[in-house]
């Protein structure tokens, strides 16, 4: 399994057409998808553990004096060799920033109205609160390190929103505001028993436009839909006003025709406005309503494919596809296309990729690698995506689309732009040509069933045609058309 920051760095590079950021990958990636709303996220596994042994007694409350939960060697300790995405207590990895020292729980604000089935367990809530305040500090430190503004956080605003079981582990969310009240920060806290570690969370500047949707994790009545990995599983999280109701809109499937097949929605039970539940993510969404008013709708796909134990099933599929591909295929480019496609598909469906095939691989007119890859889904329909390297060291694609089941070898692909595009001909074709503006025709020199075409002069490609050995027209296609977009 690739580390989350590495995968997300690649995905952001895909969106930026090869420009790779140096810091705050996940935060920047989410910011683009949340309509330019200001977000920052410090990656998983970047804080210290608060360890409270199961047998360690938490002192009784005497007035407002609560002691820091005692450290105990009998409690479950972090395992440095564990995968940071699948361990119940994510390990502190080499290079992680040093966390701020824990503040005794007696110096943190007393918590009221904490949600979740573990809210009555003082050992758990105290440890989660202490770890959460560390996470708030780490978030702010990470934001400042990446060039963002440093905020003075208001300790009195600290809120433990919930503490709930999540499979074999525990998940909590802690929030706080800065001294102005306009900057809001959240920290996820994950753990096992009473061993916790903060693992990053969203931040945003409050404005009137932020009070819509299901991304408001702060305030007296948060409306928040998200997902987070705990012990190697993804758990959906819903925070809503106590009187609200929630509906789970399951991820659609892709049918054999390459189009979406919707799944019936069903009620999602809330307990005091909270739900923590296992999910496969995908394009699943949750809608929160109060009476006839929709308060917000949010996605559960934040961690698809990143928090599952064991080897990534795509690895073997990609390795086989590269082995079966034309000689000289750029294996890293194929892997990048497949990984990017996984993230593209998760926005529309929960269907997994079940097969990978390199439709064509070769070189551009400048000798740089280019590929077209097909990824099959359970219905038999396939997602086709291309990638071409540029002379400046970046790479780009024309965007992917679906091909109906059984049509991969019968389709003519023409993917790219006026400066150059990839042509892949259907099975049985031995010749191809490009019809250009002004009536010109450019012949395509096919190799392994395709070619990279650089249009002659300033002409624009208008149509691509493929012929069999007898000169019969097999297919024709306008560049960048012909794929189904679900």
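In the working numbering, the protein residues as written are 4 to 489. We treat Cβ as the ideally placed atom computed from N, Cα and C, and that holds for glycine.
Worksheet item: From this set, 487, 472, 278 and 116, which residue's C-alpha is nearest residue 169's C-alpha?
Response: 278
Practice prompt. Use the C-beta contact count for residue 7: other C-beta atoms within 10 angstroms, 16 or more gives buried, fewer gives exposed.
Written response: In this predicted model, residue 7 has a pLDDT of only 41, less than 50, meaning its place in the structure is not dependable; the value taken from the coordinates is given anyway. Result: buried.
Discussion item. I need the boundaries of the beta strand (DSSP E) containing residue 118, first residue and last residue.
Written reply: From DSSP, residue 118 is part of no beta strand (DSSP E); its letter is neither H nor E.
Practice prompt. Compute the beta-carbon to beta-carbon distance between residue 138 and residue 206, rounded to the nearest angstrom, for a pair I have assumed lies under 8 Å.
Written response: Contact doesn't hold; Cβ gap of about 11 Å is too wide.
Item to complete: Per DSSP, which residues does residue 410 bridge with? Please list them.
Response: DSSP lists no partner for residue 410.
Item to complete: Compare the Cα-Cα distances from residue 363 to each of 355, 372, 356 and 423 and report the closest residue.
Response: 372
Worksheet item: Quick one, are the C-beta atoms of residue 375 and residue 359 less than 9 Å apart?
Response: no
Practice prompt. Drop a sphere of 10 angstroms on the beta-carbon of residue 246, count the other beta-carbons inside from all chains shown, and report buried for 16 or more, exposed for fewer.
Written response: exposed
Practice prompt. Measure from the alpha carbon of residue 302 to the alpha carbon of each residue in 314, 286, 179 and 291, then state which is nearest.
Written response: 286
Practice prompt. Ignore the nearest five residues each way along the sequence and tell me which others in residue 352's own chain have a CB closer than 8 Å to its CB.
Written response: 254, 255, 256, 257, 263, 285, 286, 380 and 489
Item to complete: Would you check if there are 3 or more beta carbon pairs closer than 8 Å linking the region 149-157 to the region 120-130?
Response: no
Worksheet item: Quick one: Cα of residue 100 to Cα of residue 220, how far?
Response: 25 Å
Worksheet entry | Other residues of its chain near residue 440: CB distance less than 7 Å, five sequence neighbours each side excluded | 462, 463 and 465
Worksheet item: Around the Cβ of residue 167, are there at least 16 other Cβ atoms within 10 angstroms (buried) or fewer (exposed)?
Response: buried
Worksheet item: Which two residues bound the contiguous alpha helix (DSSP H) that contains residue 349?
Response: 334-349
Practice prompt. Sort 365, 477, 321 and 261 by Cα distance to residue 357 and report the nearest one.
Written response: 321
Worksheet entry | Inter-residue Cα distance where the pair is residue 223 and residue 342 | 39 Å
Item to complete: Report all residues from its chain with a CB closer than 6 Å to the CB of residue 472; omit the five preceding and five following residues, and keep chain order.
Response: 433
Worksheet entry | First through last residue of the beta strand (DSSP E) which encompasses residue 282 | Segment: none, residue 282 is in no beta strand (DSSP E) and carries neither H nor E.
Fill in: DSSP beta-bridge partners of residue 358
379
Worksheet entry | Buried versus exposed, by CB contacts within 10 Å (16 or more), residue 395 | exposed
Practice prompt. Jot down the residue ranges of each uninterrupted alpha helix (DSSP H) in the region 125-182, minimum 4 residues, whole runs only, in chain order.
Written response: 125-148
Practice prompt. Identify whether residue 249 lies in helix, strand or coil by the three-state DSSP scheme.
Written response: strand
Fill in: residue 392 beta carbon less than 9 Å from that of residue 406
no
Worksheet item: By a C-beta neighbour count over all protein chains shown, 10 Å radius and 16 as the cutoff for buried, is residue 181 buried or exposed?
Response: buried
Discussion item. Counting C-beta neighbours from all protein chains within 10 Å, is the total for residue 272 16 or more, i.e. buried, or is it exposed?
Written reply: exposed
Item to complete: Return the chain-ordered list of same chain residues with a C-beta closer than 7 Å to the C-beta of residue 476, the five sequence neighbours on each side being excluded.
Response: 468 and 470
Worksheet item: How big is the Cα-Cα spacing for residue 199 and residue 231?
Response: 15 Å
Item to complete: Please go through the same chain and pick out, in chain order, the residues whose beta-carbon is closer than 8 Å to the beta-carbon of residue 282, but skip the five residues on each side of it.
Response: 230, 237, 238, 239 and 303
Worksheet item: Residues in its own chain within less than 7 Å of residue 486 by CB, not counting five upstream and five downstream?
Response: 387, 404, 405 and 406
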